[in-house]
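The number in my numbering is simply the position in the sequence shown, starting from 1, with 27 added. Here a beta-carbon is modelled for each residue, glycine too, at the ideal position from N, C-alpha and C. Notes to accompany the following structure.
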Amino acid sequence: MSYGDTTAYAKKPTMMGKPVVTPIDTSMNQPKVTKKEFVSNIKYISEAAKIKENETKLKLKEIEAAKKAKEDYLNSPLYKNRLANFYSNPESIKQGRLAALKNVNVELNQIQESKTKPETNQITYNINDPKSTFAHELGHQTGASSSIRPMSEIEKKEFLIRNIGFKTAEQRLAAMSGTYNPDTDKYNTHNLSPRENKADLDAFRGLLNDNGITQKFGQNIDLNILQKALQNKKIAEDKHIQRLLKNFSPKDVVELNNIIARQEQVANEKLA
Numbered sequence: 028m029s030y031g032d033t034t035a036y037a038k039k040p041t042m043m044g045k046p047v048v049t050p051i052d053t054s055m056n057q058p059k060v061t062k063k064e065f066v067s068n069i070k071y072i073s074e075a076a077k078i079k080e081n082e083t084k085l086k087l088k089e090i091e092a093a094k095k096a097k098e099d100y101l102n103s104p105l106y107k108n109r110l111a112n113f114y115s116n117p118e119s120i121k122q123g124r125l126a127a128l129k130n131v132n133v134e135l136n137q138i139q140e141s142k143t144k145p146e147t148n149q150i151t152y153n154i155n156d157p158k159s160t161f162a163h164e165l166g167h168q169t170g171a172s173s174s175i176r177p178m179s180e181i182e183k184k185e186f187l188i189r190n191i192g193f194k195t196a197e198q199r200l201a202a203m204s205g206t207y208n209p210d211t212d213k214y215n216t217h218n219l220s221p222r223e224n225k226a227d228l229d230a231f232r233g234l235l236n237d238n239g240i241t242q243k244f245g246q247n248i249d250l251n252i253l254q255k256a257l258q259n260k261k262i263a264e265d266k267h268i269q270r271l272l273k274n275f276s277p278k279d280v281v282e283l284n285n286i287i288a289r290q291e292q293v294a295n296e297k298l299a
C-alpha cells in the first residue's frame, strides 16, 4: 500500500466459501489537505525547524541595532532642522516616521525574500541576508515607499538625473512613474527606481556606521571616506553598494549621501 493510499481492505465469505477482497472507503475519516495547504504547512514546519535559536538571537540584535541607528538619526538636530527647512509641519512628519519605525512588525524566515509592505508596517527579513538588507528595508518603511510615505518629487529627481543605468527614455519614464510589476518589469525599474536607490543609500549609511567609517548614521562623507570604505571587503562586496556603484559614479554616491543628509535646500525644493 502506498503512503498516499486511504483505502482499507476487509475480507468476507462468498457462497463458495472463498474470501473475496472488498474495498472499504475510509477517505471520509481522513483530513482533506489541498496541495496549496500542504505546501504551506511544509513551509511552516520547516521554518520552525530550521531557524536555530542562535541565528534568531543574532538577527534580533541586528534588527534592534538598525532600528536604533535610524531612530537616533530621525531624532537628531540634523534631521529636525532639515525638516524645518523643507516642511511647514516638520514635527508631524518626524513623528509619523518615528511611529512607522516603532510599529514595524518584522517576520524572520529563510524561504521568502526580504521585502517591505509599508501599508501594513510589515518587513519580511530573510535570515540569510546581511544586516544591510534590513537597513535597506527600513529605508522603504521610513520615507522611500511608493504610497504611504513617498519621496518628494525633487528628491526623486536628485537620483534620476545622476543615474547612469538608464539605457532608454522608456526606462527612465518607467522609473519616474514609481509603479512596476516585478513579474513583468520590462525596464528593470526596480533596480533603477529612486526609492530603491534611496533604500540602497540607507543600507550604505548603515554599513559606514557599523564599520566605524562614520560616527553617525547619515553624516556627510567625501571621496576619501568612500575610498576608505571600499577597502573594506564587507562593504565593497555588499549587494546594495554594488548596485549603487553600478547606477552612480563614486562622486555622485558621495553627493547623494550629502544632499539627502544635509540641511541645505536643494533648488528651493522640499526633500524628505
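Out of Asp237, Ile240, Asn224, Ile252, state which residue places its alpha-carbon closest to the alpha-carbon of Glu164. Restricting attention to Asp237, Ile240, Asn224, Ile252, the CA atom closest to the CA of Glu164 is found in Asn224.
Pick from Asn274, Asn251, Arg222: whose alpha carbon is nearest that of Leu235? Asn251
In the DSSP assignment, the beta strand (DSSP E) including Glu182 goes from what residue to what residue? Careful: Glu182 lies outside any beta strand (DSSP E), inside the alpha helix (DSSP H) at 180-187.
Based on Cα-Cα distance, which residue from Thr241, Lys243, Ala256, Ser141 lies nearest to Ala226? Ser141
With the cut-off set at 9 angstroms, would you say Ile181 and Val133 are in Cβ contact? Not a contact, by the Cβ cut-off of 9 angstroms.
With 16 other Cβ atoms within 10 Å as the buried cut-off, status of Ile150: Ile150 comes out buried.
Just reading off the alpha helix (DSSP H) that Ile90 is part of, what are its end residues? 80-101
Ordered along the chain, which non-local residues of its own chain (more than five positions away) have a Cβ less than 6 angstroms from that of Asp279? Arg189
Reference Asn244; option with closest CA among Phe186, Pro145, Asn102, His267: Checking the sequence, you will find Phe at residue 244 rather than Asn. Cα-wise, what sits closest to Phe244 is Asn102.
Contact check, Gln122 vs Pro145 under 8 angstroms by CB: the rounded distance? That pair is no contact at about 16 angstroms.
Residues bridged to Asn136 (per DSSP): Asn153
Three-state secondary structure assigned by DSSP to Lys225: helix
Which word fits Thr83, buried or exposed, when buried means at least 16 other C-beta atoms lie within 10 angstroms of its C-beta? exposed
How big is the Cα-Cα spacing for Asn68 and Pro104? In this prediction, Asn68 scores a pLDDT of 42, lower than 50, which makes its location untrustworthy; no coordinate-derived value is stated.
Spatially closest choice to Asn183 from Asn116, Arg222, Arg199, Asp212, by CA coordinates: In the sequence under discussion, the amino acid at residue 183 is Lys, which differs from the Asn named in the question. Of Asn116, Arg222, Arg199, Asp212, the residue nearest in Cα terms is Arg222.
Coil, strand or helix - Ser159 by DSSP: Ser159: helix per DSSP, three-state reduction.
Using the Cβ count rule (16 or more neighbours within 10 Å means buried), how would you classify Leu228? buried
Which residue wins for smallest C-alpha separation from Glu98, given the options Gly166, Ile154, Glu80? Nearest C-alpha to Glu98: Gly166.
Taking C-beta to C-beta, are Ile248 and Val281 nearer than 9 angstroms? yes
Own chain residues within Cβ distance below 8 angstroms of Ile154, not counting five before or after: Ile78, Glu82, Thr83, Lys86, Leu135, Asn136, Gln137
Measuring only the C-alpha atoms, how far is Asn284 from Ala162? 15 angstroms
What residues in its chain sit with their C-beta under 7 angstroms from that of Arg270, if we drop five residues either side in the sequence? Asn218, Asp227
Member of Ala92, Asn108, Thr160, Lys107 whose CA lies at the smallest distance from the CA of Lys129: Ala92
When the Cα atoms are used, what is the spatial distance from Ser276 to Phe186? 12 angstroms
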